[in-house]
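These notes concern the structure reproduced below.
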Amino acid sequence: MTDTPTLGFDTLQVHAGAEPDPATGARQTPIYQTTAYVFRDADHAAKLFNLEEVGYIYSRLTNPTVGALQTRIAALEGGAGAVCCSSGHAAQLMALFPLMSPGKNVIASTRLYGGTVQQFNQTIKKFGWSAKFVDFDDLDAVKAAIDDDTRAVFCESIANPGGYITDLDAISAITDDAGIPLIVDNTSATPYLCNPIKHGATLVVHSTTKYLTGNGTVTGGAVVDSGKFDWSASDKFPSLSAPEPAYHGIKFHEALGPMAFTFHSIAIGLRDLGMTMNPQAAHYTLMGIETLSLRMEKHVSNAIEVATWLENDPRITAVTYAGLKSSPYHGRIAKICPKGAGGLFTVAVKGGYDACVKLVDSLNLFSHVANLGDTRSLVIHSASTTHRQLSDEQRAAAGAASDVVRLSIGIEDPKDLIADLDQALSAATA
Ligand SMILES: *Cc1c(COP(=O)(O)O)cnc(C)c1O
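Right, dumping it as structure tokens:
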């Protein structure tokens, strides 16, 4: 029943992956707190290791609680399969890992989460990979950036923190022509607001730390594969199309079809990189996802109310939120994220850096934290925190200039959030 694709989103977020426990009938998905699983016999063990039979070996690779979450996230995104891992950044690495090799590059949007800019700009160089950052509104520049060594194109559906919506249809037309997979980070939008696979994404990555868990309890990540990319169409993706020396010469695409990427991520990615999600984290995230649509509706309506109030306040010089009619990206909502532009936006405060720091210190209901997508409203001054290591140009490109504060609007009563902002703005701009 739970795999029926015709079920609605609100049903899938509760039921997908969560059949009653086959051993006990437990209605809630149990936390399988175990490292290993007893093989029926030596033949069963051999079949599992040969990927001839699907089952459990060791919890670095697979675990039933984590598996339930994988099934649920794949169902909500409309993917063939999903793999969970220990954080959103782990998910990004897991997504790139089967595609890249030394000398290869990824084309990335300039409008990305600050930590992703850091990971792509510096850390992946250790593997001999590189990233080229391009303005994804300049389609000719995206096309021109793709070269013979490009193995992926990466962007966010709704970009944090710039109030930006990527025209995924236009970008996926380019990646289709080039025969390159499109990876979309759907963290800020969630599958409730945006389905990147419907707009041509090959892979969708998540920081489940944010809205999917929803209450700031655990870190986690997920990679969802659409199952639609033909890895054998060129010789660019040998890990998936050619005999894989890291797994006794199996050809993943030939052997596993639309599940090739997912199985590669488990059999080699998790096995050798070890960025595994633990079953406790999966449990919290399964709980969170059950109410995803309800929370996202409230995050969106609160964000519109608070952003509209701020836009009309003389102490604010700009609000960058695609949910406002004044946003240059408002027109993309109907096409890309018809249920709304999410709960995150930035505001530019009169008085610049100093006023921003004062504002953050004066807020009471908003918590000053490096996080987003919590039931609680959160605030951060990116220039002095998450985007501190970036250059001024990178900060400006990411929508995190020094006079800008990012708000993650929670599910509280919006009039209380507005009152808190009102008193803090008075203190900050006095
Ligand atoms: C938080 C975040 C990440 C990184 O996720 P972690 O779980 O913190 O590793 C990546 N992309 C976006 C858009 C995020 O908000």
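One gets the working numbering by counting positions in the sequence shown from 1 and adding 58 to each.
Backbone N, C-alpha and C define an ideal beta-carbon position, used for all residues, glycine too.
Source: prediction; values computed, not measured.
Assignment of Ala210 by DSSP, reduced to helix, strand and coil, places it in the strand class.
Those residues whose C-beta sits under 6 angstroms from the nearest heavy atom of ligand 1 are, from N- to C-terminal order along the chain, Ser145, Gly146, His147, Tyr171, Gly173, Thr174, Glu214, Asn218, Asp243, Thr245, Ser246, Ser265, Thr267, Lys268, Thr277, Gly279, Leu430. Judged by DSSP secondary structure, Phe97 falls outside any beta strand (DSSP E); it is assigned neither H nor E. In this structure, Val415 sits away from Leu368, with a CB-CB distance that is not shorter than 9 angstroms.
Boundaries of the alpha helix (DSSP H) around Lys201: 197-203.
With respect to the 9 angstroms criterion, Thr233 and Val211 are classified as neighbours on the basis of their beta carbons.
Scanning its chain for C-beta atoms nearer than 6 angstroms, with the 5 sequence neighbours on each side dropped, one finds around Ala140 the residues Gln128, Ile131, Ala132, Ala280, Val282, in chain order. When C-alpha distances from Ser440 are compared across Ile165, Gly173, Arg98, the shortest belongs to Gly173. Measuring C-alpha to C-alpha distances from Thr487 to each of Glu77, Ser425, Thr375 identifies Thr375 as the nearest.
Under the three-state reduction of DSSP, Gly279 is assigned to strand. Ile362: not part of any beta strand (DSSP E); member of the alpha helix (DSSP H) spanning 350-369, first to last residue. For Arg130, the enclosing alpha helix (DSSP H) starts and ends at 122-135. Considering only Gly113, Gln86, Ala84, Ala236, the residue with the shortest C-alpha distance to Arg98 is Gly113. Residue pairing by DSSP places Cys143 opposite Gly279 in a beta bridge. Sequence-distant partners of Gln177 (beyond 5 residues in either direction) whose C-beta falls short of 8 angstroms from its own C-beta, in its chain, are His147, Gln150, Leu151. DSSP places Asn429 outside both helix and strand once states are collapsed to three, so it counts as coil. Secondary structure note for Val164: its beta strand (DSSP E) is the uninterrupted segment 163-167. In the DSSP assignment, Ile476 falls within the unbroken alpha helix (DSSP H) covering 472-487. Membership of Val112 in any alpha helix (DSSP H) is not indicated, and neither H nor E is assigned to it by DSSP.
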